[in-house]
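*Asks:* Okay, handing you the structure first.
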Amino acid sequence: MIYLVEHFYSIQGEGKYLGTPSLFFRFGGCNMKCEGFGCTETSALGVQVVGCDTVYAVDKKHFGSTWQEIDSLDELAKIYHSYTLPIKADIVLTGGEPLIYADNGLFVSFIEFLQGKGHRVTFETNGAINVDFEKHRVYQRCVFALSVKLSNSGEPFSKRINPEAIQNIAACAQDAFFKFTVDKDSLISGINEEIKEIIKFAPSISVYCMPKGGSKAELEYHSEAVIEYCKRKGYVYSDRLHIRLWDQNKGV
Ligand code: SF4
């Protein structure tokens, strides 16, 4: 069984494939909490929950009642067929952390199904969970946006950094790139050193940095500092187009 939080057809708002028409499947559950991002979401019972900008897909205790339990490939295929997609549309598997299901047979068959329809499948992952590329060869044909968490997430180093997983994904996947969430204050307090340490694990893949922000106002607050940082370091600036345009994460 896997938990599906939402699905929607939009454009990719972040990273290397920004602007690409994409069907998103957001799965429920994560191996982290990232309370350091300080976004808040109100649960159905009125509880203010702190976490990342997708806390509603992370915190099962407060939001799990809205998650859909998926038990068969037919259910996922039905959702897929409810959209009329061009073949060039990407399928984005996100969360939460979608790779908590990496070894789940249903999840693996879904990727196979999507690739069989001719779509590029891309993952948005925190890069801390290792993938068995030999056992499940479908992953070799996937793209991984490695959004490795920095200390501004509030998670301990040992939990957020898994060098073996990063190296493995960079070496075995069709494409992979780093995508860091950066904010003005952490740039002052030395987050650059952290990024340097992480990219050493996969020096050949590109580095994208995007401003922290679950709202348009927050994004605007951090953007310029991140642009200047990218200019100094030669990293690629990525906006968060969906937040910039629609001022939210859900369903866009
Ligand atoms: S790893 Fe990603 S989805 Fe999970 S809590 Fe952190 S930011 Fe949210």
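Reading the sequence shown from the start, the letters are residues 166 to 417 in our numbering.
Backbone N, C-alpha and C define an ideal beta-carbon position, used for all residues, glycine too.
Please find out if some non-hydrogen atom of the ligand SF4 comes closer than 6 Å to the beta-carbon of GLU262.
*Replies:* Residue numbering aside, residue 262 sits at position 97 when the sequence shown is read from its first letter. For the ligand SF4, at least one heavy atom lies less than 6 Å from the Cβ of GLU262.
*Asks:* Which residues in the same chain have their Cβ closer than 6 Å to the Cβ of ILE276, if we skip the five residues on either side of it in sequence?
*Replies:* If you number the sequence shown from 1, residue 276 lands on position 111. These residues qualify, in order along the chain: VAL286 and VAL303.
*Asks:* If VAL347 and LYS381 are in contact, beta carbons under 8 Å, what's the gap, nearest whole angstrom?
*Replies:* Along the sequence shown, read from residue 1 onward, the residue named residue 347 stands at position 182. Along the sequence shown, read from residue 1 onward, the residue named residue 381 stands at position 216. With 8 Å as the limit, VAL347 and LYS381 do not qualify as a contact, their Cβ atoms being about 17 Å apart.
*Asks:* What do you get for HIS246, buried or exposed, if any count of 16 or more other CB atoms within 10 angstroms of its CB means buried?
*Replies:* Taking the first residue of the sequence shown as position 1, residue 246 is located at position 81. HIS246 should be labelled exposed.
*Asks:* Please list, in chain order, all residues of the same chain as ILE167 whose beta carbon is under 7 Å from its beta carbon, the five residues on each side excluded.
*Replies:* The residue you call residue 167 lines up with position 2 of the sequence shown. PHE192, ILE235, TYR266, ASN269, LEU271 and PHE272.
*Asks:* So what does GLU289 bridge to, in DSSP terms?
*Replies:* Counting from 1 along the sequence shown, the entry for residue 289 is found at position 124. DSSP output for GLU289 lists ALA310 as bridge partner(s).
*Asks:* Do you know whose CA, among PHE202, ALA338, PHE342 and THR290, lies nearest GLU383's CA?
*Replies:* On the sequence shown, residue 383 is found 218 positions in, with the first residue counted as 1. Per the Cα distances, PHE202.
*Asks:* Would you report the Cα separation of VAL401 and GLY229, rounded to the nearest angstrom?
*Replies:* Against the sequence shown, residue 401 aligns to sequence position 236. Against the sequence shown, residue 229 aligns to sequence position 64. Straight-line Cα distance between these residues: approximately 35 Å.
*Asks:* Is GLY216 helix, strand or coil when you go by DSSP?
*Replies:* Taking the sequence shown and counting its residues from 1, one reaches residue 216 at position 51. The answer is strand: DSSP assigns GLY216 an E or B state.
*Asks:* Is the closest heavy atom of the ligand SF4 to the C-beta of CYS199 under 6 Å?
*Replies:* Along the sequence shown, one-based indexing puts residue 199 at 34. Yes, the Cβ of CYS199 comes within 6 Å of a heavy atom of the ligand SF4.
*Asks:* Under three-state DSSP, which class holds LYS344?
*Replies:* Here residue 344 refers to the residue found at position 179 of the sequence shown. For LYS344, the three-state secondary structure derived from DSSP is strand.
*Asks:* Closest by CA to PHE288, which one among SER318, GLU299, PRO328 and ASP255?
*Replies:* Position 123 of the sequence shown, counted from the first residue, corresponds to residue 288. Out of SER318, GLU299, PRO328 and ASP255, ASP255 has the C-alpha closest to the C-alpha of PHE288.
*Asks:* Do GLY261 and GLY194 have their beta-carbon atoms positioned less than 7 Å apart in this structure?
*Replies:* Here residue 194 refers to the residue found at position 29 when the sequence shown is read from its first residue. Here residue 261 refers to the residue found at position 96 when the sequence shown is read from its first residue. Taking 7 Å as the Cβ cut-off, GLY194 and GLY261 qualify as a contacting pair.
*Asks:* So what does DSSP say about PRO328, is it helix, strand or coil?
*Replies:* Here residue 328 refers to the residue found at position 163 of the sequence shown. If DSSP states are grouped into helix, strand and coil, PRO328 belongs with the helices.
*Asks:* Tell me, please, which residues DSSP counts as bridged to ILE167.
*Replies:* Within the sequence shown, numbered from 1, the residue matching residue 167 stands at position 2. DSSP lists ILE235 as partners of ILE167.
*Asks:* Indicate, with yes or no, if the ligand SF4 has a heavy atom lying under 6 Å from the CB of VAL257.
*Replies:* If you number the sequence shown from 1, residue 257 lands on position 92. Flag unset: Cβ of VAL257 not near the ligand SF4.
*Asks:* Quick one: residues in its chain with C-beta nearer than 6 Å to the C-beta of LEU258, no 5 flanking neighbours on either side, listed in chain order?
*Replies:* Here residue 258 is taken as the residue at index 93 of the sequence shown, counted from 1. Answer for LEU258: PHE190 and PHE288, listed in chain order.
*Asks:* DSSP puts ARG397 in a beta bridge; with which residues?
*Replies:* Here residue 397 is taken as the residue at index 232 of the sequence shown, counted from 1. DSSP lists no partner for ARG397.
*Asks:* Spatial neighbours of THR185 within its chain, please: C-beta separation below 6 Å, excluding the five flanking residues on both sides.
*Replies:* Within the sequence shown, the letter at position 20 stands for residue 185. Excluding residues up to 5 positions away in sequence, GLN177 and ASP255 lie with their Cβ nearer than 6 Å to the Cβ of THR185 in the same chain.
*Asks:* For SER323 and HIS227, what's the separation of their Cα atoms in angstroms?
*Replies:* For this step, residue 323 is matched to residue 158 along the sequence shown. For this step, residue 227 is matched to residue 62 along the sequence shown. Looking at the two C-alpha atoms, the distance is approximately 26 Å.
*Asks:* Whole angstroms are fine: how far does the CA of ASN317 sit from the CA of THR205?
*Replies:* Reading the sequence shown from its first residue, position 40 is the one you call residue 205. Reading the sequence shown from its first residue, position 152 is the one you call residue 317. Each residue's Cα considered, the two are about 16 Å apart.
*Asks:* Quick check on ALA336: buried or exposed, where buried means 16 or more other Cβ atoms within 10 Å of its Cβ?
*Replies:* Locating residue 336 in the sequence shown gives position 171, counting from the first residue. ALA336 should be labelled exposed.
*Asks:* Any chance the CB of THR205 is under 6 Å from a heavy atom of the ligand SF4?
*Replies:* As a working note, residue 205 is residue 40 in the sequence shown. No.
*Asks:* Given that a residue counts as buried once 16 or more other Cβ atoms are within 10 Å of its Cβ, and exposed if not, what is ARG397?
*Replies:* Counting from one through the sequence shown, the residue named residue 397 turns up at place 232. Exposed: under 16 other Cβ atoms inside 10 Å.
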